[in-house]
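Worksheet for the structure shown next.
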Amino acid sequence: MERLWNARKKTWLTLGAGVLLAIGYSACSPSAPPSARRGGGATSDSAIAAEKTYVAPGDLDDYYFFASGGHSGNVYVYGIPSMRHISTIPVFTPYPATGYGFDDDSKKMLGGLTWGDAHHPALSETAGDYDGRWLFINEMNGRVARIDLRDFKTKQIYGPIPNISGNHGSSFITPNSEYVMVASRFSIPIPKGTYAPIDKYATDYKGVIGALKVDAKTGNMDLGFQILMPPFDYDIGDAGKLASDGWMFLTAYNAERATGKLEVTASQRDRDYIAAIDWRAAEKAAAQGLGDMIGGVRVLDPAKIPGLVYLMPCGKSPHGVDVSPDGKYIIGSGKLQGVTTAFNFEKVQTAIRNKDFDGAEDGIPVLKYESIKDAEVEVGLGPLHTQFGPNGMAYTSLFVDSAIASWKLGEWKVIDKVPVSYAVGHLSAAEGDTVSPDGNYLVSLNKLSHGRHLNVGPSQPESSQLIDIGEEKMKVLYDAFTEPEPHYAQIIKADKIKPIEVYPKEENKHPLAIWDVKDAGVTRVGNKVTIKMIAVRSTFTPTNFEVQEGDIVTVAVTNIEQTTDELHGFGLLDYNINLVVDPGETKTVTFTAKKGVFPYYCTNFCSALHQEMQSYLVVKPR
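The numbers in the sequence shown follow this note's numbering, run straight up by one, and end at 1000.
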């Protein structure tokens, strides 16, 4: 924290005493903020908080903060500590602001779906640390996407994944980005399309945990293997690291195998489970050809292939499970209890070797709770998710208490607790999912925010609160508000990401790309028409084009600019077409021509003559 304090001290001092005088004066003035007029004023604490979050014009934030956009289908990008919203990355939903979902390539990636409930972003890792290459994120329609952090664009949407329904339990990355682990929230008969009556749920419905193989060079995902599981509901996961490398841990609720009103029917037993998966053993079994091909993927049955999966009893209705930076502890807790449990990985391995089991579920051994736990930490009501700082520090979100508890591994006692507003779900610490957490900041992702912002009607924004964890006593520094629903997030040091600002000309390998106006024009093969178009301040070439009614028209727009932020749009009226083309990029859109005259224009402000960047598509009747 001292480092960040000193880094901002110069900026703060330049504001001088005049700023402080202005604050004091405004508190007494009729135009002062309501809080000041009510007597809140500027306190020393608020001044310190302002200094720690203030990033002066021209200065840059220290971290990127990637938050899922829930049912918006997007990823939100913020800077920390300013908490300024920097960008929205469209992933599973069309986004006209960037033309996503309108060009041929992104429309194909979306596959006809126009919504996606995006939950858990996961940064790629090397040796258990974020490497700044890719960001993966899941969504409930059974898909996982990869965002390339070189240009902050979605490059692949994989899925729907066979056999998995309600892909909530992903995306969770292994320490060298070997696999993206995925799991079904909703158990169903498999393969998809198989019928079984609901009264056969306990026997004929199956959960599935799977692994998508990640190409080490490109990041592209492909089918790996899947593991057949009991019909529980699978939730949040975390990969083992260092001492526990090679394992994956996923929470599971509804051990009752109940249907109907789960609030009642799935709350009968004292404990649910954490599934401990030896993914290296599963990888080996799949490579040997074990298991069965179901829905086009190799599915391993742990009842027939022992040693793949073990069940760790956990508190009722668990949500988060988190592995400590050294890999020695697995932290899990039920939402309906007041403690979080620290499981010892070495004890887990000893219990497996000694077959210290307490029965089985569908042939999967259940480890004895008392044999594998180190401690129960009395953190407070409704523990959901734990993140880590350096020196053994842990931070747990408390949904019912609306608070964050800090505690220390090995000491198992709460050190501090700070209230948040309100109903915190997940939280994210700086590099808090890695082997080397940073320990400066933490963000509380709250479900409710009423009364902390200007009223915008019944649908209120969500609240993300920045918390200083650089000292023993936690302090809330800042409220940031966003569209529903930031569900989960990861924070990475800014200097780990090296984005480009323009696409280098030599990297554009698009077959329809052109770089000289003499190459622009219209070609026809039968009723298929291709227009190669150049966009550059402040004109399109060709300046207009004529086709016939019923033609299948492909417009390929190349933005030949090599200047930062000189985007050009291609908006074709009455066709629901809006492309946004970055400098050095080529995009295509294909449509069937209808008779008439249709203006097209640049939708992104590009110069003083932006309004003049327009022309016409003329369609002759047949």
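In this text, a Cβ means the ideal position worked out from N, Cα and C, and glycines have one as well.
Whole-angstrom distance between residue 944 and residue 880, CA atom to CA atom = 9 Å
Under 8 Å Cβ to Cβ from residue 792, same chain only, skipping five residues before and after it: list those, please.
-> 755, 756, 757, 758, 783, 784 and 785
Residue ranges of each alpha helix (DSSP H) run of no fewer than 4 residues wholly in the segment 700-737, ordered along the chain?
-> 723-731
Where does residue 418 sit, in a helix, a strand or coil, going by DSSP?
-> With a pLDDT of only 45 at residue 418, under the threshold of 50, the placement of this residue in the model should not be trusted; the figure read from the coordinates follows. Residue state, collapsed to three classes: coil.
DSSP on residue 642, reduced to helix/strand/coil?
-> helix
Do the CB positions of residue 807 and residue 765 come within less than 7 Å of each other?
-> yes
Going by Cα to Cα distance, which pick from 950, 515, 528 and 538 is closest to residue 489?
-> 538
Inter-stretch contact (C-beta, 8 Å, three-pair minimum) for the segment 567-574 and the segment 541-548 | yes
Cross-strand partners of residue 765 (DSSP beta bridge) = DSSP, once it has assigned bridges, lists 773 as partnering residue 765.
Collapsed DSSP secondary structure at residue 987 in the structure displayed = Under the three-state reduction of DSSP, residue 987 is assigned to coil, being neither helix nor strand.
Pair within 7 Å by beta-carbon distance, residue 827 and residue 798 = no
Note down the Cα distance separating residue 776 from residue 736, rounded to an integer number of angstroms.
-> 30 Å
In this structure, does DSSP put residue 872 in helix, strand or coil?
-> Collapsing the DSSP output to three states places residue 872 in a helix.
Would the beta-carbon of residue 594 fall within 7 Å of that of residue 559?
-> no
Specify whether the segment 433-453 and the segment 495-502 touch according to this definition: at least 3 beta carbon pairs, one from each stretch, less than 8 Å apart.
-> yes
Which word fits residue 723, buried or exposed, when buried means at least 16 other C-beta atoms lie within 10 angstroms of its C-beta?
-> buried
Does DSSP put residue 817 in a helix, a strand or coil?
-> coil
Just reading off the beta strand (DSSP E) that residue 690 is part of, what are its end residues?
-> 687-693
Thinking C-beta only, is residue 956 closer than 7 Å to residue 962?
-> no
How many Å lie between residue 889 and residue 964 at the Cα?
-> Roughly 9 Å between the two C-alpha positions.
Evaluate residue 841 with the Cβ neighbour count: other Cβ atoms within 10 Å of its Cβ, from every protein chain shown; 16 or more gives buried, anything less gives exposed.
-> buried
Three-state secondary structure assigned by DSSP to residue 747 = helix
Candidates 992, 431 and 442: closest to residue 876 by CA position = 442
Through-space distance from residue 910 to residue 891, alpha-carbon basis = 7 Å
Spatial neighbours of residue 457 within its chain, please: CB distance less than 6 Å, with the 5 preceding and 5 following residues excluded, ordered by chain position.
-> 439 and 464
Would you check if the distance between the CB atom of residue 466 and the CB atom of residue 478 is smaller than 7 Å?
-> no
Rounded distance between the beta-carbons of residue 628 and residue 653, thought under 8 Å | 5 Å
Can you tell me whether DSSP reads residue 980 as helix, strand or coil?
-> Note: residue 980 maps to coil in three-state DSSP.
In whole angstroms, what separates the C-alpha of residue 716 from that of residue 868?
-> 26 Å
Verify whether the separation of the beta carbon atoms of residue 971 and residue 933 is less than 7 Å.
-> No, these two residues do not count as a Cβ contact at 7 Å.
By a C-beta neighbour count over all protein chains shown, 10 Å radius and 16 as the cutoff for buried, is residue 573 buried or exposed?
-> With fewer than 16 other Cβ atoms within 10 Å, it is exposed.
DSSP three-state assignment for residue 576, whether helix, strand or coil | helix
For residue 470, is the classification buried or exposed, using 16 other Cβ atoms within 10 angstroms of its Cβ as the cut-off for buried?
-> Looking at its Cβ environment, which holds 16 or more other Cβ atoms inside 10 Å, residue 470 is buried.
7 Å Cβ cutoff met for residue 609 and residue 739 = No, they are not a contact pair.
Starting from residue 486, follow the alpha helix (DSSP H) in both directions and report where the run begins and ends.
-> 482-488
Three-state secondary structure (DSSP) of residue 998 | strand
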